[in-house]
Structures are given as structure tokens and as C-alpha cells.
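First comes the structure, then the notes that go with it.
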Amino acid sequence: MNDVNEKFDDLLLNDPELVANFIAESKEHLESIEDDFLNLEKHKDHPDQELLNKVFRAIHSVKGAAGFLSLDNMTRLAHVMETLLADMRSGKILAESQYVDALLAGVDLLALMLDDVAHHQDVDITGVHDRLTGLLEGGATAPDRSVPKPPPAAAAKDIRLPEKAVADRGDTVRIPVDTLDKLMLQAGELVLVRNQHLLAVDESDPASRSIAHRLDLVTAELQETIIRTRMQPIGRIIGKFPRIVRELGKRLGKQIRIDISGSEAELDKTILESLTDPLTHIIRNCCGHGIESSAERVQAGKPETGLITLNAFHEAGRFSIEIRDDGRGIDLSLIRKKVTQKSLKTAAELEQMSDKEILHLVVLPGFSTADEASQVSGRGVGMDVVKNTVEKLGGSFEIVSAVGEGTAVNLRLPLTLAIMPALIVSQNGNLFAIPQNSLVELVCLYDEDVWTKMEYADGLEICRLRGRLLPMVRLSEVLARPMRFSRETGVEVAKKYQQQEMVDKTGPEKTAEFRESLNFVVLRADNSRYGLIVDSILGTEEIVVKPMHRAVKSLGIYAGATIMGNGKVALILDIEGIARHAETMLDIAVTAEDSDKDAAGQDLQSVLLFRSGPKEQFAMPVPLIRRIEKIAMSAIERIGDREYITVDEKSTRVLRLDHALKVTPVAEHESMHLILPRLFSRPVGILVSDLIDIEETAVELNIESYPEDGLLGTAIIRNTMTLFVDINRLVEIVEPEWSKGISS
Amino acid sequence: MIKETQTPIRQFCTFRINGRLYGIDIQDVKEVCPEAGFTPIFHAPQAVKGYMNIRGWIYLLLDLRRILGFEEKAVEGAGRAILFKPGVGENFGIRVDTIADIETVDQAQIENRRKQDRELPEGAERRGIDIALGICKMEKELLVILNPRNLLGILASLKVRPE
């Protein structure tokens with residue numbers, strides 16, 4: 003053995019390139035071989051001679067090369083595999099699963115030895131070697147196969163032919179990845195120069211214009227070509243799935259088949275490589291938890307064999323992978339149970355979530371460390387890893403599931419990482435890039451909308467966008483505050499802009515910050531959405547992403563930097579990072595949960611919704627209301643700064659909400675309403691401009707989001723922030739000396 | 670601390686901050702360029718001026734004035750940027766007030782900083798920052814020799830820009 007090693011070491015020393023070539027070539031031979039074995043097994047009764055030949059050749063080549071390099075272990079193993087294959091080729095044995103198993107084990111060992119050729123002698127091949135030899139001897143003597151000579155021509159028809167033979171050797175060149183990376187980088191630089199040149203070019207000069215145009219074209223083509231050199235077919239990683247599925251199926255005692263399409267679809271090498279683990283994870287989950295046992299399946303009226311389909315394809319400049327199983331699906335009620343059990347979410351939070359959001363809880367880290375109690379729980383194993391990887395790559399991730407019908411996981415990934423489309427926005431004169439893949443839409447509010455669509459609560463700025471509430475974050479505030487937002491920060495920010503808005507709207511003078519319009523970008527982050535308010539939106543541009551300098555890498559709000567066409571450096575915003583930074587301003591759900599101190603507050607309550615000023619929506623529980631009186635504005639009498647109206651022959655004090663609360667003044671029209679509350683010894687009524695409706699609702703009052711004296715709290719009713727008035731307190735505020743008079 | 674070079678002669682690229690004379694070994698300097706526009710990096714330590722585009726490469730520009738502990742002048746005027754070679758650290762440079770001459774100094778003229786503790790530049794003394802390599806007595810004044818290799822490292826020790 004020492005002797006052999008010496009010989010090899012010698013070679014390695016003298017001709018490392020030869021050794022490297024051997025390894026690369028052998029690996030190539032082994033790459034597709036697993037698939038081929040499995041195909042042989044599948045069609046074992048009609049052996050595909052061509053495929054057999056191919057496999058045989060591959061093992062033979064490995065053996066030959068290993069022999070030449072005096073890699074003794076490898077030669078011996080390959081030899082016995084070759085012999086077995088020879089028997090198969092001559093029709094002496096068929097590709098029974100016992101043979102295929104042993105051959106696959108052999109391939110594994112060969113691959114293992116190739117990974118570390120220098121120590122290949124340390125790999126123990128005896129087990130597999132003996133198994134193969136045993137099979138060889140047994141196969142020769144055992145009476146199990148009396149060889150039915152297959153009619154090869156007929157068989158060939160329904161057998162999938164191996165994809166175009168690996169490639170015509172002469173036309174390909176091996177290039178180190180380093181070189182490609184460098185090329186890629188330089189192409190990126192060229193794109194920058196091109197962008198700069200396009201801005202600088204003298205448009206009036208036809209000659210220079212045409213040169214610029216050609217430079218533009220050539221650059222784009224060059225970039226595309228170079229990107230293509232880094233593209234590799236996804237088959238490289240999904241090719242091993244049939245085997246994984248086969249083995250898992252055997253181990254779990256299930257019958258599972260995998261159907262793969264789109265193996266030839268290509269994507270960037272870096273992305274491809276980081277996908278191996280997530281995809282394997284998903285496949286394992288499908289086998290382990292998705293697909294039921296054969297008995298269960300038959301009972302459910304499904305075919306006995308479970309089916310996993312994996313479909314990879316290009317779509318709209320993105321790479322999509324769909325993995326679908328026809329198993330039992332994910333039961334939402336089990337997720338709910340699990341999540342509350344583990345206190346990952348409260349019941350109140352869950353109540354607010356859509357089915358889709360609940361389904362995505364399986365990716366919560368911690369969810370996956372499930373106990374064995376439920377089958378569903380196991381589905382979360384490692385799903386957080388999948389999600390993280392995909393998001394790090396700038397992709398998105400979605401689960402769709404129907405109980406009893408199966409589960410589908412969809413991954414959408416960029417084709418390449420280095421160059422991406424981005425939206426350029428400007429804030430305080432600085433440019434920022436927002437990766438297009440997190441963009442949902444751009445919104446510009448004009449004139450009145452700037453005021454009417456925005457709502458404020460303590461610590462929250464909310465926009466009502468087509469009936470949905472969207473939490474808002476101001477880029478200017480994020481940039482100005484290096485510390486993560488605390489709840490107080492949110493309160494401070496919301497108050498600042500609310501006051502500013504009040505002045506702009508009602509005051510004779512506008513504040514210095516007054517804008518005719520409000521621009522914001524709706525962004526998607528971590529299953530949540532928010533609006534980022536910026537000074538202006540400039541347009542989209544293809545940008546070359548550069549990582550942040552190491553000294554400032556820890557700043558969470560940036561994903562990198564890029565050079566713009568005008569030569570300025572622009573920072574690329576990290577959408578998730580900003581969401582984390584300003585978390586307190588985003589989490590509508592969390593604030594709702596805060597108020598839910600006692601979980602029993604789920605009873606339906608009828609509340610009267612009304613308006614006093616034009617903007618705010620108020621509410622008051624119906625049981626507290628004695629009556630609502632329709633009144634004429636002209637019937638109100640003024641005494642000093644107090645207003646009275648005669649109702650039921652009693653002089654009733656008219657209470658305007660804007661006198662007690664910081665809200666917009668009552669919108670006066672001739673016909674108004676007066677809410678007469680119960681439980682007051684002295685007559686008093688709230689002046690109301692519009693009655694909206696009576697709503698039956700499970701009110702969860704949020705006390706913290708807008709604590710103002712005179713309010714019980716706030717709640718979202720009909721997608722609008724609604725202020726619940728505290729009538730007792732209001733009366734105390736406007737008529738302090740009455741306080742003794744309140745009947746209890 | 671000071672590298673022993675074969676020749677006892679060393680050359681320093683000198684510059685002024687707050688009127689004081691500082692120098693950096695010319696072998697560490699890649700280039701000196703006018704301080705063109707830079708992009709501020711919000712949330713970064715105060716001593717970080719921002720990003721500069723130098724012919725398609727992004728450089729991190731540090732404010733040496735801040736690092737040395739001098740107050741920021743209200744009106745600074747256009748300064749100069751000294752960019753360092755890759756060996757000094759990942760693409761970065763410093764902003765200085767004005768560039769002075771290239772000084773050729775005999776190694777023997779340089780006194781190790783340790784012996785001359787009292788002669789430290791104010792800022793470095795105040796912060797206890799290990800960026801001054803030594804002091805060199807010139808005809809009219811003292812030249813403080815800085816070690817750019819420690820600059821990036823001390824950024825972390827400087828607190829985030831206060832609000």
C-alpha cells in the first residue's frame with residue numbers, strides 16, 4: 003500500500019494537472035450515473051442496451067484512469083462493478099434492485115474517494131466490494147434468473163434516452179470559476195462605464211451618438227454572454243433527487259415517485275449551489291411528512307404510489323421551482339395549536355392572520371423543533387433555513403397546501419446576483435436603490451389625499467390604501483435615527499407628522515416641510531408589507547451590486563452600494579433591515595395584541611360609529627347611549643363659551659368633541675345629531691356631524707397606540723382607526739365641576 | 670512597531686489637520702485626490718465621511734479630524750483625500766485639510782512614540798488610540814507619523830453618530 007501511495011504521490015508532485023484532470027473527468031462520469039442506474043432499474047424487464055453501454059463505459063473509464071494513477075482501491079472497486087455491469091449487459095442478470103443498490107453504494111464510495119484522492123486508501127471498500135462479489139457469484143449460480151433475452155429494439159421505444167451525450171468534448175474548455183468571477187466583475191464595471199458614458203454623450207453629434215449606441219448594445223450583449231457562462235443547468239442538483247426519494251421511500255416503507263421536469267433550465271452557479279440544501283430539505287419533508295403510507299393512501303382513495311413533482315422553469319426573468327406532493331397537506335388547525343402551545347404567537351395574533359399567513363408559520367424558527375405529537379409539526383423541520391437561504395438570494399418563497407390534497411412549495415429566484423434591477427429614490431438629496439424584487443407598487447398621494455388617506459395613532463402612521471391598512475415608515479426618520487426604533491420613537495415620529503399635518507391643513511401658513519404630494523413605495527418584507535415614504539421616486543435602473551465595506555457592514559439598513567450613471571455612489575436599502583429597524587411602527591398586529599390582556603374579550607359588541615370632524619371615526623358602545631336626537635344647528639344657543647339645546651324640555655349641554663380632544667373641529671351643517679348618553683344626572687349630548695352605522699364587532703381596544711385623556715382606546719373597525727370615546731371622562735373635562743354629579 | 674527597512678531613509682506624505690503636521694509612509698499611499706462628492710452613510714460611526722467613487726471603485730472615506738478628536742469646523746472648505754494601498758485595508762482613504770510636502774526623513778530622526786508620550790497629538794492622547802507611530806522633529810515643527818493600518822480597526826470603538 004505504501005508502495006502504491008508513493009507512486010501516486012510522485013505523480014501528484016510531478017504532474018498535479020494530470021491528477022486534477024483525472025478527478026474532474028471521473029466526477030463527470032459519475033455525475034449522471036445514478037440517474038442511469040435508476041432508469042435501468044425502472045425498466046429492468048426491457049434493458050436499454052444503449053444506457054447499459056453508457057454506464058459500463060463510465061465505470062470502465064474510471065477504472066482505467068484509476069489504474070493508470072495506481073489508485074488501487076478505486077481500481078478494485080470499479081473492476082467488480084464493471085464485471086457486474088458486464089453481466090447485466092450480456093443479459094445474464096437483470097437490473098434488480100439488489101444489484102442497483104450495490105452499484106449505487108459503489109458509486110458513492112468512488113465519489114468519496116475522488117473527493118480526497120490523496121487519502122483514497124483510507125476509505126474502507128471491503129463491505130461494498132464483498133457485497134458486489136457476493137452478488138456476482140450468487141447471480142451466476144442462483145437460479146433466480148433464467149435469462150429471458152430481451153428484444154432490444156422493441157424495448158428501446160418506451161425508454162427515456164439519456165439526454166444528449168454529455169457534450170462533444172472538443173467544443174468545450176474547462177475554465178476556473180475564479181476567471182469567470184473576475185470576468186463577471188469586469189463586465190459589471192463595464193456596465194457602469196457604459197451608464198456614465200450614456201449620460202455624458204453629446205446627443206447633438208450623430209457620430210458620437212451612434213458610437214454610444216453601439217457601446218450600449220455591445221455591453222449589454224457582452225454582459226449577457228458572460229452571465230451565461232456562469233449559468234448551469236439545475237439538473238446538476240436535482241438530478242440526485244430520484245435516488246434520495248427512492249432511498250427515503252424504502253426507509254420509510256412508502257411508495258414514492260418523483261417526476262422532474264426542467265432539469266435543463268439554467269441559473270447562476272452561485273445561486274445553484276446554495277439551493278442544494280433547501281431543495282433537499284423540501285424533498286425530504288415531502289417524503290417524510292407529506293406523502294402518506296400506502297395503506298393510508300388507498301383508504302383516502304389515492305393511488306398507492308405517492309407522487310412528488312418538481313418543476314423548474316424560467317418565468318419573467320426569474321427562476322421558478324415548484325415542488326408539489328399529493329400527500330396529506332398541512333392542517334392549519336394543527337399549526338395553530340402548535341404555535342400557541344409553543345407560545346410563538348398568541349391566540350389574538352392568530353385571530354388576525356389569514357390562512358396563508360398561518361401556513362407560513364411553519365417557517366418560524368422554533369416551530370420546527372417540534373415534538374413527535376403531530377405529523378404536521380415535523381413539516382417545519384428546517385423550513386426556516388429554506389426561507390432564509392431563498393431570501394438571502396433575493397428570492398421569494400411560498401407554501402400552498404390543501405388538506406388531503408397535498409402541498410406545494412414555490413421558490414422564485416433571481417437568475418443572477420451581481421446585476422439587478424432597482425428603483426432609484428431620492429431622500430434629502432441622496433440617492434438610494436431599492437431592489438425591485440421587494441417592490442409591490444408606487445403610490446403618490448396628491449392634495450387632500452395627503453391628509454385624508456393618512457391616519458395617525460400613537461406610534462403608528464397608517465395609510466388607508468384601497469381599504470387596506472398599510473403601516474408607513476419615513477426614510478428620512480429611519481436615516482436620522484441610528485438606534486432601533488423604540489415605541490417612544492414611533493410615538494414621537496407619528497406625533498410630529500400629525501401635528502405638521504394639522505398645521506398644513508388648517509393653519510394659514512404651511513410648515514416648511516409641506517409637500518403638495520406624498521410619495522411612497524409599497525414594499526414586501528417577510529410576509530409583511532409597509533410603505534416607505536421618500537422625497538421622490540426617480541426611476542428604475544440596472545445596478546451592479548457591490549457589498550458594503552467591512553467597516554460599515556454591520557449597519558442593518560443597507561444591502562450594498564452601487565455607482566450610478568452620474569458617478570455618485572448610491573446605497574442599496576435592505577428592505578428587511580429597515581423593517582427590523584422601524585419595527586415598532588410596522589406592527590399593527592402587535593399593538594392589537596397588547597390590548598388583549600384578557601383573552602375573553604371576544605364577545606361581540608354593538609357600537610355606534612359616527613363622525614364629529616371630517617376625519618376621525620369615533621365609536622361608542624350602544625348600551626351607553628340613551629337616545630340619538632336629530633337637531634338643527636340653528637337651535638343651539640350660546641351662553642358664554644358653552645352651548646345648549648333644548649331636548650325633552652330640558653336645557654341640554656352640547657359637547658363638542660374637539661373641545662375635549664385633539665381632533666378636527668365639528669363639521670357643521672344644518673341638520674346634526676346629538677348623542678344622549680345614559681347614566682348622567684345632568685342632560686348632556688355629544689354633537690355629531692354624521693352617523694355612520696351600528697356595527698357588531700369583536701372589539702379589542704388598543705389602549706397604548708393612542709392614549710389620550712377622554713378616550714377609552716382605539717380599534718380598527720371597517721379598516722379605519724376608530725377612537726372610542728370615554729363619555730364620563732369627556733364630561734369631566736368640559737364640566738369639571740359636574741364630576742360629583744355623575745351617577746354611578 | 671516601526672518596520673526596519675534596509676535603508677534608514679523613509680519618505681512620508683505629509684498633510685495638515687487643524688494646522689498640525691501629520692505624515693503617512695508613502696509606501697502605504699496609493700494616491701491623493703481632491704475630495705470630490707461623497708455619499709454619506711447614515712448610521713455609520715461619526716468618523717465615517719461616506720463613500721467615494723474613485724474611477725468605478727467604491728472607497729470608504731474616513732474623517733481623520735474626527736478620529737483624532739478635533740472638533741468639526743463649521744466651514745471646512747474642500748479637503749483632499751488620501752487613498753491607501755490594498756495592503757493597508759479594504760478600499761479606504763482619509764480626508765485631510767491640506768496636503769503638505771513629501772518629507773524625506775532619516776529613520777534615526779524618528780522617535781518612538783512610547784518614549785515621547787507627552788508629545789502625542791491631542792486627539793490620540795484623549796482617546797488612547799493607537800494610531801500614532803512616532804514623532805519626528807522637523808526644522809520648525811513636529812511631524813506626527815500615523816499608522817493607517819489601525820484606522821479601520823478603531824472605527825468600531827468609536828460610537829455611532831449621535832442623534
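Residue numbers (the working numbering), protein chains in the order written: chain A, 3 to 746; chain B, 670 to 832. Just so it is clear, CB atoms sit at the ideal spot from N, CA and C, and this is done for glycine as well.
| task | Just confirm the distance between the C-beta atoms of glycine 66 of chain A and methionine 83 of chain A, as a whole number of angstroms; I'd bet it's less than 8 Å. | result | Contact between glycine 66 of chain A and methionine 83 of chain A is ruled out by a C-beta separation of about 13 Å, above the 8 Å threshold.
| Closest residue to glutamine 188 of chain A among A:Ala222, A:Val175, A:Ile213, A:Ala214 (Cα-Cα distance) | The shortest C-alpha separation from glutamine 188 of chain A is found at A:Ala222.
| task | Write down the C-beta distance between leucine 433 of chain A and leucine 415 of chain A rounded to the nearest angstrom, noting that I regard them as a contact closer than 8 Å. | result | About 27 Å separates the two Cβ atoms, so there is no contact after all.
| Separation of valine 536 of chain A from aspartate 449 of chain A, as counted between CA atoms | Those two C-alpha atoms are separated by around 17 Å.
| task | Please check if any C-beta of chain A sits within less than 7 Å of the C-beta of isoleucine 736 of chain B. | result | No - not a single Cβ of chain A is within 7 Å of the one on isoleucine 736 of chain B.
| query | Which residues, taken in chain order from the stretch 701 to 722 of chain B, show a beta carbon closer than 9 Å to some beta carbon of chain A? | reply | Here the close residues are Ala705, Gly706, Phe707, Thr708, Pro709, Ile710, Phe711, His712, Ala713, Pro714, Val717, Gly719, Tyr720, Met721, Asn722.
| Candidates A:Gly687, A:Ile262, A:Leu182, A:His62, of which the one nearest alanine 80 of chain A by Cα | Ranking A:Gly687, A:Ile262, A:Leu182, A:His62 by Cα distance to alanine 80 of chain A puts A:His62 first.
| task | Report the rounded CA-to-CA distance for alanine 104 of chain A versus lysine 252 of chain A, giving the unit in angstroms. | result | Distance between the alpha carbons of alanine 104 of chain A and lysine 252 of chain A is about 15 Å.
| request: Can you give me the Cβ contacts of isoleucine 545 of chain A inside the same chain, cut-off strictly under 6 Å, excluding the 5 residues immediately before and after it? | output: Result list for isoleucine 545 of chain A: Ala424, Ala435, Thr564, in chain order.
| task | Could you round the C-beta distance between leucine 557 of chain A and valine 475 of chain A to whole angstroms and report it? I think they count as a contact, below 8 Å. | result | Contact flag wrong, Cβ pair sits at about 16 Å.
| said: Does the CB of histidine 121 of chain A have a neighbour CB from chain B at under 7 Å? | reply: No, histidine 121 of chain A does not count as interfacial toward chain B.
| task | Using 6 Å as the cut-off, classify the Cβ of glutamine 502 of chain A as near or not near the heavy atoms of the ligand HEM, replying yes or no. | result | The ligand HEM is absent from the structure shown, which contains no ligand whatsoever.
| said: Closer than 8 Å between beta carbons: that is the criterion. Which residues of the stretch 176 to 207 of chain A meet it against chain B? | reply: Within the stretch 176 to 207 of chain A, the residues whose Cβ lies closer than 8 Å to some Cβ of chain B are Glu191, Leu194, Val195, listed in chain order.
| said: Output needed in chain order: residues of the stretch 572 to 588 of chain A with a Cβ under 9 Å from some Cβ in chain B. | reply: Contact residues of the stretch 572 to 588 of chain A toward chain B are Ala572, Leu573, His583 (C-beta to C-beta distance below 9 Å).
| query | Taking Cβ positions only, does leucine 821 of chain B come closer than 7 Å to chain A? | reply | Proximity of leucine 821 of chain B to chain A, defined by a Cβ-Cβ separation below 7 Å, is satisfied.
| said: Taking 7 Å as the threshold (beta carbon to beta carbon), is proline 756 of chain B in contact with chain A? | reply: Checking the displayed sequence, the identity of residue 756 of chain B turns out to be glycine instead of proline. Closer than 7 Å: no.
| Within chain B, partners of lysine 570 of chain A - CB distance below 8 Å | Result: Gly706, Thr708, Asn722.
| query | Taking the C-alpha atoms as reference points, what is the distance between proline 305 of chain A and arginine 299 of chain A? | reply | Rounded to whole angstroms, proline 305 of chain A to arginine 299 of chain A spans 7 Å at the Cα level.
| query | For phenylalanine 711 of chain B, which option in A:Leu336, A:Ser265, A:Arg483, A:Glu393 has the closest C-alpha, if you only look at C-alpha atoms? | reply | Out of A:Leu336, A:Ser265, A:Arg483, A:Glu393, A:Arg483 has the C-alpha closest to the C-alpha of phenylalanine 711 of chain B.
| message | For proline 507 of chain A and isoleucine 426 of chain A, I'd like the C-alpha separation in whole angstroms. | response | In the sequence under discussion, the amino acid at residue 507 of chain A is lysine, which differs from the proline named in the question. In this structure, the CA atom of lysine 507 of chain A is about 30 Å from the CA atom of isoleucine 426 of chain A.
| Cα-Cα separation between methionine 422 of chain A and aspartate 660 of chain A, rounded to whole angstroms | Cα to Cα, the separation comes out at about 51 Å.
| Secondary structure of methionine 721 of chain B, DSSP reduced to three states | Correct three-state label for methionine 721 of chain B: strand.
| Residues bridged to tyrosine 728 of chain B (per DSSP) | In DSSP, tyrosine 728 of chain B forms a bridge with B:Met721.
| message | If you reduce the DSSP assignment to three classes, tell me which class asparagine 760 of chain B lands in. | response | In the three-state scheme derived from DSSP, where H, G and I count as helix and E and B as strand, asparagine 760 of chain B is classed as coil.
| request: Could you tell me whether the Cβ atoms of lysine 46 of chain A and leucine 96 of chain A are closer together than 7 Å? | output: Their beta carbons are under 7 Å apart, which means lysine 46 of chain A touches leucine 96 of chain A by this criterion.
| query | Are asparagine 704 of chain A and glycine 715 of chain A closer than 7 Å when you measure CB to CB? | reply | Their beta carbons are under 7 Å apart, which means asparagine 704 of chain A touches glycine 715 of chain A by this criterion.
| task | Could you please tell me which residues of the stretch 437 to 450 of chain A, in chain order, have their CB closer than 9 Å to any CB of chain B? | result | Listed in sequence order: no entries.
| Roughly how many angstroms lie between the CA atoms of cysteine 682 of chain B and leucine 752 of chain B, to the nearest whole one? | Cysteine 682 of chain B and leucine 752 of chain B: Cα-Cα distance of roughly 11 Å.
| Coil, strand or helix - glycine 331 of chain A by DSSP | Glycine 331 of chain A sits in coil when the DSSP states are folded into three classes, being neither helix nor strand.
| Going straight from the alpha carbon of valine 686 of chain A to that of valine 495 of chain A, what length do you get? | Computed Cα separation, rounded: 36 Å.
| field | DSSP state of isoleucine 574 of chain A mapped onto helix, strand, coil | value | Taken through DSSP and simplified to helix, strand or coil, isoleucine 574 of chain A comes out as strand.
| field | C-beta contact flag for leucine 447 of chain A and leucine 520 of chain A at 7 Å | value | Yes, they are a contact pair.
| Neighbour list for leucine 733 of chain B in chain A, Cβ cutoff strictly below 9 Å | Correct list: empty, because the minimum Cβ distance to chain A is about 14 Å.
| query | So isoleucine 814 of chain B packs on isoleucine 779 of chain B, CB below 8 Å; how close in whole Å? | reply | Going by Cβ atoms, the distance from isoleucine 814 of chain B to isoleucine 779 of chain B rounds to 7 Å, so yes, they are a contact pair.
| task | Pull up the DSSP beta-bridge partners for serine 653 of chain A, would you. | result | Its beta-bridge partners are A:Thr648.
| message | Going by the DSSP bridge assignment, what does histidine 62 of chain A pair with across the sheet? | response | Beta bridge pairing from DSSP links histidine 62 of chain A with no other residue.
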